[in-house]
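S.K.: Dropping a structure here in structure tokens format, bear with me for questions.
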Amino acid sequence: MMLTRLGSLNALEQTHKSSFWRRWLEGDLPSADTVGRVCQLIDVQTIRDVHHELYTRLKRAKALMPAAHGLIMAVIDAHESHATYRRCCDGCLQRTIHLKEGDRIQYYHRTVTLQLTGADWSLLLDAEPIRPGEDEIAAALRLFDRVVDRYPRAFDVVAGDGLYARSDFFNHVRSRGKHVLAVLKDEQRDLLKDARSLCEHNPPIVKQMDRGCRQCWDFEGFTTWPQCQYPVRVVRSLETRQICRQLTGETEELVSDWLWVTTLPKERAPTGVVVQLGHGRWTIENQGFNETTNRWHGDHVYRHHENAILAFWLLTMLACNLFMVFYRRNLKDAVRGAYDMLQIGRMMTAELYQGLLIQPRGP
Ligand SMILES: [Zn+2]
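What follows is the structure in structure tokens.
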């Protein structure tokens with residue numbers, strides 16, 4: 005169901021007569037209700053074990069190489085799958101929504117996901133739900149600890165958005181031998197003020213890029229973050245790009261100003277590498293959540309139950325990983341040149357339905 009992106013247990017059930025299943029199952033395809041119930045009761049660790057097996061095989065096949073700088077990044081971010089006023093379960097988070105007709109309690113689920121990013125690949129590795137009463141960092145630390153225990157050498161640096169620029173997160177990650185990189189935001193006012201003032205008084209390193217330029221500042225040894233037990237480094241990248249508006253043909257200048265705080269020392273990651281890693285953090289948005297939501301029904305609630313939601317999400321991640329690695333590594337260049345990912349995905353779905361069409365007539 006996940007790999008063929010059917011997006012519903014009922015759609016799956018309706019394929020039960022397909023000859024496709026006889027090649028894969030020893031018995032009949034379970035009903036929609038059974039699949040839902042199994043996912044509600046399943047030990048999600050068993051799905052995580054399959055993720056681990058896939059990872060191990062890919063690693064052995066040298067499919068998980070770092071980029072030229074030699075670092076593999078683990079990007080952590082949270083994603084809200086759905087929100088409802090009507091139904092809640094034990095794992096639901098709650099918030100009050102102010103409406104014209106009065107306040108209403110809204111229920112929702114948020115899951116923190118970890119994605120590995122390397123040379124030309126990314127892999128959705130594990131996920132952890134945010135429990136009622138705790139914040140995102142608490143769930144992220146639980147996830148991080150489990151991943152470090154299970155995959156001790158899978159990555160070198162953990163990256164997160166502005167929320168992760170917190171001393172408790174930095175201290176914990178560093179204490180387990182990994183480096184951290186996070187977007188620097190207003191919440192770390194002293195650190196930000198210090199960094200901005202240093203930028204004003206020091207000339208940038210200027211790098212010409214295609215249709216623009218990048219001005220970078222890189223300062224080490226900040227101690228203006230007293231709760232952090234490790235000295236941190238701040239890298240700023242002020243990027244100017246000329247783009248040509250298709251509609252009017254006019255050239256417009258786009259400016260973006262990025263600041264990151266990291267524990268990575270300069271000898272391990274020069275300025276350009278920190279900028280590259282900082283921008284690479286977006287893969288979890290683009291190739292992670294956008295891809296799974298828009299193309300893999302990642303936000304669909306197959307069964308509203310805490311364990312089922314996590315189980316279905318882990319299965320979606322697994323299907324997405326398998327598909328991506330199949331497309332990139334199994335298919336020949338000529339096939340990839342002729343068909344894009346979406347088309348290959350449709351062919352897989354077609355195979356499932358093809359088995360229905362050639363069934364003998366009958367009830
Ligand atoms: Zn719920």
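Each position in the sequence shown, counted from 1, maps to that position plus 4 in our numbering.
Glycine residues also receive a C-beta, built at the ideal position from the N, C-alpha and C atoms.
Note that the coordinates shown come from a computational prediction; the quantities given were computed from them, not determined experimentally.
Touching or not, the segment 175-187 and the segment 231-240, by the rule of three or more beta carbon pairs under 8 Å?
M.R.: yes
S.K.: Go ahead and pull the three-state DSSP assignment for residue 73.
M.R.: coil
S.K.: Use the C-beta contact count for residue 82: other C-beta atoms within 10 angstroms, 16 or more gives buried, fewer gives exposed.
M.R.: buried
S.K.: Does the beta carbon of residue 137 fall short of 6 Å from some heavy atom of ligand 1?
M.R.: Flag unset: Cβ of residue 137 not near ligand 1.
S.K.: Measuring from the CB of residue 92, is there a heavy atom of ligand 1 at a distance below 6 Å?
M.R.: yes
S.K.: Could you compute how far the alpha carbon of residue 147 sits from the alpha carbon of residue 181?
M.R.: A straight line joining the alpha-carbon of residue 147 with that of residue 181 spans about 16 Å.
S.K.: What is the C-beta distance between residue 188 and residue 120, in whole angstroms, given that I count them as a contact (C-beta under 8 Å)?
M.R.: Going by Cβ atoms, the distance from residue 188 to residue 120 rounds to 23 Å, so no, they are not a contact pair.
S.K.: Does ligand 1 have even one heavy atom less than 6 Å from the beta-carbon of residue 40?
M.R.: no
S.K.: Rounded to whole angstroms, what's the CA-CA distance from residue 288 to residue 321? Just pull it up for me.
M.R.: If I take the Cα positions, the gap works out to 12 Å.
S.K.: Given this structure, state the Cα-to-Cα distance separating residue 59 from residue 71, to the nearest angstrom.
M.R.: 17 Å
S.K.: For a quick check, are the C-beta atoms of residue 244 and residue 259 less than 7 Å apart?
M.R.: Taking 7 Å as the Cβ cut-off, residue 244 and residue 259 qualify as a contacting pair.
S.K.: If we count the other Cβ atoms within 10 Å of its Cβ and call it buried at 16 or more, is residue 78 buried or exposed?
M.R.: buried
S.K.: Does the beta-carbon of residue 284, which I'm using as the reference point, lie nearer than 6 Å to any heavy atom of ligand 1?
M.R.: no
S.K.: So for residue 51, helix, strand or coil by DSSP?
M.R.: helix
S.K.: Would you call the segment 35-52 and the segment 102-114 in contact, with 3 or more CB pairs under 8 Å?
M.R.: no
S.K.: For the segment 295-309 against the segment 11-23, are there 3 or more C-beta pairs whose distance is under 8 Å?
M.R.: In this structure the segment 295-309 touches the segment 11-23; the number of beta carbon pairs closer than 8 Å is three or more.
S.K.: If you measure between the beta carbons of residue 217 and residue 240, is that distance less than 7 Å?
M.R.: The criterion of a C-beta distance shorter than 7 Å is not satisfied by residue 217 and residue 240.
S.K.: What residue range is occupied by the uninterrupted beta strand (DSSP E) comprising residue 221?
M.R.: 216-226
S.K.: At a cut-off of 6 Å, would you count residue 203 as near ligand 1, judging by its Cβ distance to the nearest heavy atom?
M.R.: no
S.K.: Should residue 96 be listed as close to ligand 2, given that the test is whether its C-beta is under 6 Å from any heavy atom?
M.R.: Within the structure as shown, ligand 2 is missing, the only ligands being ligand 1.
S.K.: Among 314, 340, 131, 211, whose alpha-carbon lies nearest the alpha-carbon of residue 116?
M.R.: 131
S.K.: Short check: CB of residue 356 to CB of residue 85, under 7 Å?
M.R.: no
S.K.: Specify the secondary structure class of residue 305 as computed by DSSP and reduced to three states.
M.R.: coil
S.K.: Using the Cα positions of residue 210 and residue 161, report the straight-line distance between them to the nearest angstrom.
M.R.: 26 Å
S.K.: What does DSSP give as the partner residue(s) for residue 167 in the beta ladder?
M.R.: In the DSSP assignment, residue 167 is bridged to no other residue.
S.K.: Do three or more CB pairs link the segment 126-144 to the segment 85-98 at distances below 8 Å?
M.R.: As far as the Cβ criterion goes, the segment 126-144 touches the segment 85-98, which means the pair count is three or higher.
S.K.: Would you decide whether residue 284 is buried or exposed? Buried here means 16 or more other CB atoms lie within 10 Å of its CB.
M.R.: buried
S.K.: Along the chain, which unbroken stretches of the alpha helix (DSSP H) at least 4 residues long are found entirely within the segment 117-173?
M.R.: 140-154
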